[in-house]
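K.L.:
I have a structure I would like to understand better, so I am pasting it below and will then ask my questions one at a time.
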Amino acid sequence: MKDKFERNINYMRLSITDRCNLRCRYCMPEGIKKVPMRAIMTYEEMTRLCRAASEIGITRIKITGGEPLVRLGCPDLVREIKKIPGIEQVTMTTNGILMGEMADALRAAGLDAVNISLDTLDPEKFKHITGFDMLSEVLEGVRASLDTGMRVKINTVLAKGINDEEVLDLVSLTEKYPLDVRFIEMMPIGEGGSFTPVFNDEVLHTIRQAYPAMAEDHSVHGNGPASYFSMPGHEGTVGFISAMHGRFCSRCNRIRVTSQGKIKPCLCYSDTINIKPLFIEADPMQEKEVLKEALARAVSMKPQTHCFDNVSAMTEQHKMVSIGG
Ligand code: SAM
Ligand code: SF4
């Protein structure tokens, strides 16, 4: 369905847990309280929500977290959502730690593509950023995902003085592997605000100097507002999600739902619609209509733009781990 600004909202990011097996500094600092399981939507509720969403024009679902793969039975949820008429694509954003063991099951369940978050190829830095010495598990997850034939994207968030020297190392993954390496600008959400972001015009400049023949690639790579570039002879491409700058908001096509059942019209603002109390198993038809009305209201509440350039206007106080990226 279209929002007030004529943007077609056809993509829903669904967080299925607020728990995670890593502690990325900019996302989930130590000490965050766990939400009790009873406050989290069940898989059945999530499936019913996706069914309602498909009836207001959502065609693509991204499963996210926390870390989605720490919630048991994740492939079953993928399978159920894939069965919904009108849902064309189910994809996932994961830190990749469990992908080595789960890629085949997810692919068999119908997962169409995976985004694996990876900020560094240096084991020491990986430990510094995420709190765990598990880079090799993530690389194994990337390999296993590629082996299934799924489309694979690497999501990298750069921070000055931490991993900004690694741009070309990360780009070199595209030489051998058919994957997209995407640079996502750090947003001042939660702990993200205490890091110095690296803006994508600077990253593009660094890459262009090393690969003068790189050219914009206008083919469609996914759901979001990323722009892509290819380099002659490389199997994969490089993408940029310029969340802080660029044409991010004019291309916005999404709503977000937290694992506790709050629909979020925009990343930047705290406004949500709480749907957890709307699940009324006794009357499935009535429930679907109520959910559709709540989803449509969230779409109509989408603001024209975010306000990351004026942090005092931001109202979102949650950490990214409970929003899902
Ligand atoms: N655990 C999964 C993962 O790491 O992909 C899914 C959830 S995580 C919150 C989704 C994405 O949000 C990750 O790629 C992460 O790097 C990104 N992220 C977290 N905090 C961010 C911030 N402040 N600015 C930009 N991206 C952020
Ligand atoms: Fe966990 Fe993903 Fe956040 Fe890292 S970015 S702490 S892996 S939810």
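For the sequence shown, the working numbering begins at 128 and goes up steadily by one.
Quick reminder that beta carbons are idealized off the backbone N, C-alpha and C, glycines included.
From a predicted model like this one, the values you see are computed outputs, not experimental measurements.
Using the DSSP secondary-structure output, state which residues sit across from T191 in a beta bridge.
P.N.:
What you label residue 191 is simply residue 64 of the sequence shown in a count that begins at 1. According to DSSP, which records beta bridges pairwise, T191 is partnered with S142.
K.L.:
Where do the ends of the beta strand (DSSP E) carrying Y355 lie?
P.N.:
Residue 355 sits at position 228 when you count from the first residue of the sequence shown. Where Y355 is concerned, the enclosing beta strand (DSSP E) stretches over 354-357.
K.L.:
Determine the contact status of F435 and M341, defining contact as a CB-CB distance below 7 angstroms.
P.N.:
The sequence position of residue 435 within the sequence shown is 308, counting from 1. The sequence position of residue 341 within the sequence shown is 214, counting from 1. Their beta carbons are not under 7 angstroms apart, which means F435 does not touch M341 by this criterion.
K.L.:
Is there contact between the region 146-155 and the region 185-198, where contact requires at least three CB pairs shorter than 8 angstroms?
P.N.:
Contact between the region 146-155 and the region 185-198 is present, because at least three Cβ pairs lie under 8 angstroms.
K.L.:
Between I143, D145, R175, R146, which has its C-alpha nearest D410's C-alpha?
P.N.:
Within the sequence shown, residue 410 is the residue found at index 283, counting from 1. The residue with the shortest Cα to Cα distance from D410 is R175.
K.L.:
Flag this pair as yes or no: are the beta carbons of I183 and M128 separated by less than 7 angstroms?
P.N.:
Here residue 183 corresponds to residue number 56 of the sequence shown, with the count starting at 1. Here residue 128 corresponds to residue number 1 of the sequence shown, with the count starting at 1. Yes.
K.L.:
Applying the criterion that 16 or more other CB atoms from any shown protein chain within 10 Å of the CB defines a buried residue, is G388 buried or exposed?
P.N.:
The residue labelled residue 388 in the question sits at position 261 within the sequence shown. It counts as buried.
K.L.:
So M428 and P404 are supposed to be a Cβ contact under 8 angstroms. How far apart are they, rounded?
P.N.:
Taking the first residue of the sequence shown as 1, we reach residue 428 at position 301. Taking the first residue of the sequence shown as 1, we reach residue 404 at position 277. With 8 angstroms as the limit, M428 and P404 do not qualify as a contact, their Cβ atoms being about 18 angstroms apart.
K.L.:
I208 to A337, Cα distance in whole Å?
P.N.:
Your numbering for residue 208 matches position 81 in the sequence shown. Your numbering for residue 337 matches position 210 in the sequence shown. Straight-line Cα distance between these residues: approximately 42 angstroms.
K.L.:
Does DSSP put S321 in a helix, a strand or coil?
P.N.:
Your numbering for residue 321 matches position 194 in the sequence shown. Helix, per DSSP.
K.L.:
Grouping DSSP H, G and I as helix and E and B as strand, with all else coil, what is V279?
P.N.:
Stepping through the sequence shown from its first residue, residue 279 is reached at position 152. In the structure shown, V279 sits in a strand (DSSP, three-state: E or B).
K.L.:
Tell me M219's beta-bridge partners as DSSP assigns them.
P.N.:
Residue numbering aside, residue 219 sits at position 92 when the sequence shown is read from its first letter. According to DSSP, which records beta bridges pairwise, M219 is partnered with I190, V241.
K.L.:
Looking at R424 and A353, is the spacing between their C-beta atoms short of 7 angstroms?
P.N.:
Taking the sequence shown and counting its residues from 1, the one referred to as residue 353 is at position 226. Taking the sequence shown and counting its residues from 1, the one referred to as residue 424 is at position 297. No, the pair does not count as a contact, with Cβ atoms beyond the cut-off.
K.L.:
How many Å lie between P339 and L418 at the Cα?
P.N.:
Numbered from 1 along the sequence shown, position 212 holds the residue referred to as residue 339. Numbered from 1 along the sequence shown, position 291 holds the residue referred to as residue 418. Looking at the two C-alpha atoms, the distance is approximately 50 angstroms.
K.L.:
Looking at the unbroken beta strand (DSSP E) that takes in K389, where does it start and where does it end?
P.N.:
Here residue 389 refers to the residue found at position 262 of the sequence shown. 389-391 is the span of the beta strand (DSSP E), which, as asked, contains K389.
K.L.:
Return yes when at least one heavy atom of ligand 2 lies under 6 angstroms from the C-beta of V448, else no.
P.N.:
The count along the sequence shown starts at 1 and reaches residue 448 at position 321. V448: yes, Cβ under 6 angstroms from ligand 2.
K.L.:
Would you tell me roughly how many angstroms separate the C-alpha atoms of L266 and V217, rounded to the nearest one?
P.N.:
Walking along the sequence shown from the start, residue 266 turns up at place 139. Walking along the sequence shown from the start, residue 217 turns up at place 90. Between L266 and V217, the C-alpha separation is close to 22 angstroms.
K.L.:
The beta strand (DSSP E) that contains T364, what's its start and end?
P.N.:
Within the sequence shown, the letter at position 237 stands for residue 364. Residues 364-368.
K.L.:
Report yes if the C-beta distance between A230 and S272 is below 7 angstroms; otherwise report no.
P.N.:
The residue labelled residue 230 in the question sits at position 103 within the sequence shown. The residue labelled residue 272 in the question sits at position 145 within the sequence shown. It is a contact, given that the beta carbons lie within the stated cut-off.
K.L.:
Spatial neighbours of D239 within its chain, please: CB distance less than 8 angstroms, with the 5 preceding and 5 following residues excluded, ordered by chain position.
P.N.:
Reading the sequence shown from its first residue, position 112 is the one you call residue 239. Taken in chain order, the residues that qualify are Q216, V217, T218, M277, R278.
K.L.:
Can you tell me the Cβ-Cβ gap for G363 and T283, rounded? I've got them flagged as a contact below 8 angstroms.
P.N.:
Position 236 of the sequence shown holds residue 363. Position 156 of the sequence shown holds residue 283. Between T283 and G363 the Cβ distance is about 13 angstroms, and since that is not below 8 angstroms, they are no contact.
K.L.:
Could you tell me the alpha carbon to alpha carbon distance between C376 and L331, rounded to whole angstroms?
P.N.:
The count along the sequence shown starts at 1 and reaches residue 376 at position 249. The count along the sequence shown starts at 1 and reaches residue 331 at position 204. Going by the C-alpha atoms only, they are around 20 angstroms apart.
K.L.:
Could you check where the alpha helix (DSSP H) with V294 kicks off and where it finishes?
P.N.:
Taking the sequence shown and counting its residues from 1, one reaches residue 294 at position 167. Taken as a continuous stretch (DSSP letters only), the alpha helix (DSSP H) holding V294 covers 294-298.
K.L.:
Can you give the beta carbon distance from A421 to I390, rounded, assuming they're within the 8 angstroms contact cut?
P.N.:
Sequence index remark: in the sequence shown, residue 421 carries index 294 (1-based). Sequence index remark: in the sequence shown, residue 390 carries index 263 (1-based). 6 angstroms between Cβ atoms; contact.
K.L.:
Please report the straight-line C-alpha distance between E292 and A235, rounded to a whole angstrom.
P.N.:
Here residue 292 corresponds to residue number 165 of the sequence shown, with the count starting at 1. Here residue 235 corresponds to residue number 108 of the sequence shown, with the count starting at 1. Each residue's Cα considered, the two are about 38 angstroms apart.
K.L.:
Does the distance from the C-beta atom of S397 to that of D145 stay below 7 angstroms?
P.N.:
As a working mapping, residue 397 is identified with position 270 in the sequence shown. As a working mapping, residue 145 is identified with position 18 in the sequence shown. In this structure, D145 does not lie closer than 7 angstroms to S397 by Cβ.
K.L.:
Hey, M139 and V384 are a contact pair by Cβ (cut 8 angstroms); roughly how many whole angstroms apart?
P.N.:
By one-based count along the sequence shown, residue 139 stands at place 12. By one-based count along the sequence shown, residue 384 stands at place 257. Right, the Cβ-Cβ distance comes to about 6 angstroms (below 8 angstroms), so this counts as a contact.
K.L.:
Which class does E420 belong to by DSSP, given the choice of helix, strand or coil?
P.N.:
Position 293 of the sequence shown, counted from the start, is the residue given in the question as residue 420. Reduced to three states, the DSSP call for E420 is helix.
K.L.:
Taking the alpha carbon of I214 as the point to measure from, which residue in V197, C201, G237 has its own alpha carbon closest?
P.N.:
Within the sequence shown, residue 214 is the residue found at index 87, counting from 1. Answer by Cα proximity: G237.
K.L.:
Could you check the C-alpha separation between F326 and E408 for me, to the nearest Å?
P.N.:
Locating residue 326 in the sequence shown gives position 199, counting from the first residue. Locating residue 408 in the sequence shown gives position 281, counting from the first residue. Cα-Cα distance, rounded: 47 angstroms.
K.L.:
How would you call V347, buried or exposed, if buried means at least 16 neighbouring beta carbons within 10 angstroms?
P.N.:
Numbered from its first residue, the sequence shown carries residue 347 at position 220. It is exposed - the Cβ of V347 has fewer than 16 other Cβ atoms within 10 Å.
K.L.:
Buried or exposed: S244, going by 16 or more other Cβ atoms within 10 Å of its Cβ?
P.N.:
One-based indexing of the sequence shown puts residue 244 at position 117. With 16 or more Cβ atoms within 10 Å of its Cβ, S244 is classed as buried.
K.L.:
DSSP state of I224, grouped into three classes?
P.N.:
On the sequence shown, residue 224 is found 97 positions in, with the first residue counted as 1. Coil, per DSSP.
K.L.:
Below 8 angstroms on the Cβ atoms is my guess for M173 versus L199; work out the distance and round it to an integer in Å.
P.N.:
Taking the first residue of the sequence shown as 1, we reach residue 173 at position 46. Taking the first residue of the sequence shown as 1, we reach residue 199 at position 72. About 14 angstroms; that fails the 8 angstroms criterion.
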